[in-house]
Amino acid sequence: MGFWDALLGRRKPVRPDLDRLFALPAAAVTLRAGAGFAPTGQGSVCFAGVEGGAFDRVESDVRGLLDSAEFSRDGYGYTWVRSRHAPHDLASLVADLHAVNTLLRDDGFGPQLLCSLVGFRDGEGRVLALVYLYKRGTFYPFAPLPGGVERRDNALELQTRGLLAQELPVEEDLSRWFPVWGAPGL
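Under the working numbering, the first residue of the sequence shown is numbered 3, with each subsequent residue one higher.
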């Protein structure tokens, strides 16, 4: 970062570090102990803008890597790849998400990678996702309220941020805590 960048308050962009995903199993222990949330065994990777033959190649490569990969598109045109494992096997789920992200990045689709998420649920049926922002290299919690209404449990999200601040690099800019309504894996 240069003198002018420091003077004008510009920061050097954070480089994506997919290995940060491997901190999720330890964070899950903290999340269970501190808030009663356990992994659901589901997670997904979201990416944009892959069409035609390029998409067919990506889908084939991912299916070759993960037998259980499920592809879907949301209402905004983003593609989601969902993986499922037993809820107690979060390490394997994280390894799948890491592998899909790495495959896409290495195949030249890094700029299209948006986020990855892992789902959690508590004893009351509340849902929570830990979302990794690929381009920021940070995580944030997303807690949709039940009932199909697109509203969030902001108190739970802030509680989770405080709980995991020592475990994960949590996104400081709350305006970047984008809702991922209906994301596969939630």
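Here a beta-carbon is modelled for each residue, glycine too, at the ideal position from N, C-alpha and C.
Predicted model only: the values in this text are computed from it and were never measured.
Exercise. Of the choices 167, 176 and 134, whose alpha-carbon is the least far from that of residue 19?
Worked result: 134
For this session: Output the distance between the C-alpha atoms of residue 25 and residue 169, rounded to the nearest integer angstrom.
Result: 7 Å
Exercise. According to the Cβ coordinates, are residue 84 and residue 46 closer than 7 Å?
Worked result: Here residue 84 is near residue 46, since their CB atoms are less than 7 Å apart.
Problem set entry | Beta-carbon gap between residue 92 and residue 181 smaller than 7 Å | no
Exercise. So the alpha helix (DSSP H) residue 167 belongs to, where does it begin and stop?
Worked result: Neither: residue 167 is in no alpha helix (DSSP H) and is coded neither H nor E.
Exercise. In terms of DSSP beta bridges, what is residue 134 paired with?
Worked result: According to DSSP, residue 134 shares a beta bridge with 118 and 141.
Exercise. Can you tell me whether DSSP reads residue 153 as helix, strand or coil?
Worked result: coil
For this session: Can you tell me the Cβ-Cβ gap for residue 114 and residue 49, rounded? I've got them flagged as a contact below 8 Å.
Result: 5 Å
Exercise. Would you call the CB atoms of residue 129 and residue 138 closer than 7 Å?
Worked result: no
Exercise. For residue 61, which three-state DSSP category applies?
Worked result: helix
For this session: Taking residue 72 as the reference, give the member of 63, 78 and 82 with the closest Cα.
Result: The shortest C-alpha separation from residue 72 is found at 82.
Exercise. Between residue 131 and the rest of its own chain, which residues show a CB-CB distance below 6 Å, the 5 nearest in sequence each way excluded?
Worked result: 119, 121, 144 and 188
Exercise. What whole-angstrom Cβ distance do residue 163 and residue 172 have, given they're in contact under 8 Å?
Worked result: 5 Å
Exercise. Pick from 43, 61 and 112: whose alpha carbon is nearest that of residue 88?
Worked result: 43
Exercise. Can you give the beta carbon distance from residue 70 to residue 59, rounded, assuming they're within the 8 Å contact cut?
Worked result: About 20 Å separates the two Cβ atoms, so there is no contact after all.
Exercise. DSSP on residue 146, reduced to helix/strand/coil?
Worked result: Correct three-state label for residue 146: strand.
Problem set entry | Inter-residue spacing [alpha-carbon to alpha-carbon] between residue 112 and residue 38 | 34 Å
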